[in-house]
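So the sequence shown is residues 15 to 307, counted in my numbering.
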Amino acid sequence: MAVKAHRLPAHLSYKSALAILPPKQLRPPFDSLRHRHDRHFKRWPPHINLIYPFLDQPSLGFDEQIRHSRRPSDDPDPNSNNKTAANNSLKALEESITQDMAPSISSRIRKVLDANHFGPIDLYARRPNHFLHSKHSATVWLHPEEKPPDSHAPASVTSDSPNGNDPTAKPTCEACPRLCQLRSLLLDEFSECAGDSGGDERPFVPHLSLGQADGEDAARKLEAEVEREIWEFVHGEGKNGEAGEEEALEAGGSGWELHWKVDQICVLERVGFRGRFRVVGVVDLVDQRPVVI
């Protein structure tokens, strides 16, 4: 879900984020749904944000290289008939530049993981959910959990409460305790990002946005579409994937289940406010359990 833009302190930027990304094997249904329903499809890959906005210019000289390398024609003109060519030109330019995450960011993330013995996190998704922002505005998202829930009943979650308007809904950090703990530890380390994000003080709700809807009824219809699309992927295309992959596709009873292992924290950055977020650095979550001999 996008954060409404506010004026930020100079050290923060809406052009960078700390996030986790699902593996490529699971992205086809996300991309298909987001292409149809998510107005941020061209800006963001499928993701779960941990910290956004994040530190300004996390890659070394990335924006500066782009700024000095671009030509006026590289900026797509919404009214131009040559918009595709301009987009391709900018994409090729971005991909030609070697990007490196600032070492200080990498070492700070690594310090958090090592100090707390943080290894990979297994996430499961069995249903969509939605934030109800107002009578005519909602965001539909994939609901991640770290263990099988007692009930798969859908619950509405408002943007100002992790439990939404369903008093029986499972608290967010009960569904994803390790992910919430990881985010809390990262915010402690990157304290310059905490409480200074333009007034956005909502509770952390781990989610993978799939699209926007015009209110409650439209959100329910989009959730049904999400159910159908992912079910077809799991029971159709998903069965053609390689067996034994960590990011296995599993049938969840009469419905569906997506499972993936979160083993990387990604630093994302985009070129300007019309660019697409790209991974400029990753830090691995390594299994640090002692070996029993």
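No residue lacks a Cβ here, since even glycine has one placed at the ideal position from N, Cα and C.
Note that the structure is predicted; figures quoted are calculated from it, not measured.
{"Check": "Test item: CB-CB of H54 and W155 under 8 angstroms", "Outcome": "no"}
{"Check": "Of the listed residues L32, E206 and E241, nearest to A24 (C-alpha basis)", "Outcome": "E206"}
{"Check": "The alpha helix (DSSP H) enclosing W245, as first and last residue numbers", "Outcome": "E230 to H249"}
{"Check": "Rounded C-alpha distance that separates F204 from C280", "Outcome": "15 angstroms"}
{"Check": "Endpoints, the beta strand (DSSP E) within which L196 is located", "Outcome": "Where L196 is concerned, there is no enclosing beta strand (DSSP E), although the alpha helix (DSSP H) it sits in stretches over P191 to E203."}
{"Check": "Cut-off 8 angstroms between Cβ atoms - residues of its own chain near L47, not counting five sequence neighbours on either side", "Outcome": "L224, G225, E239, V240 and E243"}
{"Check": "Per-residue DSSP class, three states only, for V219", "Outcome": "coil"}
{"Check": "For A129 and L145, the rounded distance between their alpha carbons", "Outcome": "Sequence check: residue 145 is Phe here, not Leu. Each residue's Cα considered, the two are about 34 angstroms apart."}
{"Check": "Whether P158 touches C194 by CB criterion (8 angstroms)", "Outcome": "no"}
{"Check": "Rounded C-alpha distance that separates S118 from P43", "Outcome": "36 angstroms"}
{"Check": "Any non-hydrogen atom of the ligand SAH closer than 7 angstroms to A152 Cβ", "Outcome": "Ligands in the displayed structure: none, and consequently the ligand SAH is not present."}
{"Check": "Where R140 falls, given that 16 or more other Cβ within 10 Å makes a residue buried", "Outcome": "buried"}
{"Check": "Per-residue DSSP class, three states only, for A129", "Outcome": "helix"}
{"Check": "Limits of the unbroken beta strand (DSSP E) element including L146", "Outcome": "I135 to S148"}
{"Check": "Three-state secondary structure (DSSP) of H54", "Outcome": "coil"}
{"Check": "Spatial distance of S198 from Y66 (CA atoms)", "Outcome": "13 angstroms"}
{"Check": "Burial state of S73 (16 or more Cβ within 10 Å)", "Outcome": "buried"}
{"Check": "Span separating the alpha-carbon of H51 from that of Q278", "Outcome": "27 angstroms"}
{"Check": "Nonlocal neighbours in the same chain, by C-beta distance under 8 angstroms from D70, ignoring five residues either side", "Outcome": "A24, H25, L26, S27, K29 and S30"}
{"Check": "Where D298 falls: helix, strand or coil (DSSP)", "Outcome": "strand"}
{"Check": "Extent of the continuous beta strand (DSSP E) run through H61", "Outcome": "Unbroken run through H61: none, as it is neither H nor E."}
{"Check": "Neighbour-count burial assignment, R284, 16 or more Cβ in a 10 Å radius", "Outcome": "buried"}
{"Check": "For K275, the residue or residues it bridges with in DSSP", "Outcome": "D136"}
{"Check": "Given R41 as reference, the closest of A33, P59 and H147 once Cα atoms are compared", "Outcome": "P59"}
{"Check": "Identified DSSP bridge partners for Q226", "Outcome": "T153"}
{"Check": "Of the residues N63, P37, E237 and L22, the one placed nearest W274, counting alpha carbons only", "Outcome": "P37"}
{"Check": "Nearest-angstrom Cβ-Cβ length linking V276 and L64, presumed shorter than 8 angstroms", "Outcome": "V276 to L64, Cβ: 10 angstroms. No contact."}
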